[in-house]
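Quick notes on the structure that follows.
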Ligand SMILES: [Zn+2]
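In my numbering, the protein residues as written are 2 to 179.
Set out below in structure tokens:
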């Protein structure tokens, strides 16, 4: 928790205890833009992905599926986010893996709280398609899949930010009325 707090992901208040700091719409957009730059760049730099790398990606995918089936929400959202960190690692770039770890940390917490099982499954299916495209060496498709995957995540985050703003306003009005 302290580590999450130092990253600005959670905060503690005497009244509420620990709570997740949710990204605003602007922050969500920045996270998605940064991820798009890093992840499409990573794919562009790796035309050929070794069979061993593909195997390690598929092992990770199997763990994601297991967590979804097992209804393990915390592990599920961790693994779905971590897949992208793992991909940078597997492709041999620990610097980008570190950057992605930071970029995914915030969205993983939000997903753990709000992502539906259907969305989690969709996310996992996207990962499977991405691995297939990389195995075929189809860079263009891999990049397009990544862009769509992140657009979907961006939409979910900005919906979330919007509904929060509304509930925030509601609270202000409730307080003003009392
Ligand atoms: Zn993903």
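Where a beta carbon is used, it is the ideal one built from N, C-alpha and C, also for glycine. Just so we're clear, the structure is a prediction, and the values are computed from it rather than from any experiment.
According to the DSSP assignment, residue 85 belongs to the alpha helix (DSSP H) that extends over 74-91. Not one heavy atom of ligand 1 is found less than 8 Å from the C-beta of residue 120. In this structure, the alpha-carbon of residue 81 lies about 9 Å from that of residue 128. Ranked by Cα distance from residue 74, the first of 133, 120 and 53 is 120. For residue 82, the distance from the CB to the nearest heavy atom of ligand 1 is below 8 Å. Residue 159 and residue 28 do not touch by the CB rule: their CB atoms are close to 10 Å apart, not below 8 Å.
In the three-state reduction of the DSSP assignment, residue 71 falls in the coil class, being assigned neither a helical nor a strand state. Residue 97 is positioned such that its CB atom lies no closer than 9 Å to that of residue 58. If you draw a straight line from the Cα of residue 22 to the Cα of residue 110, it is about 9 Å long.
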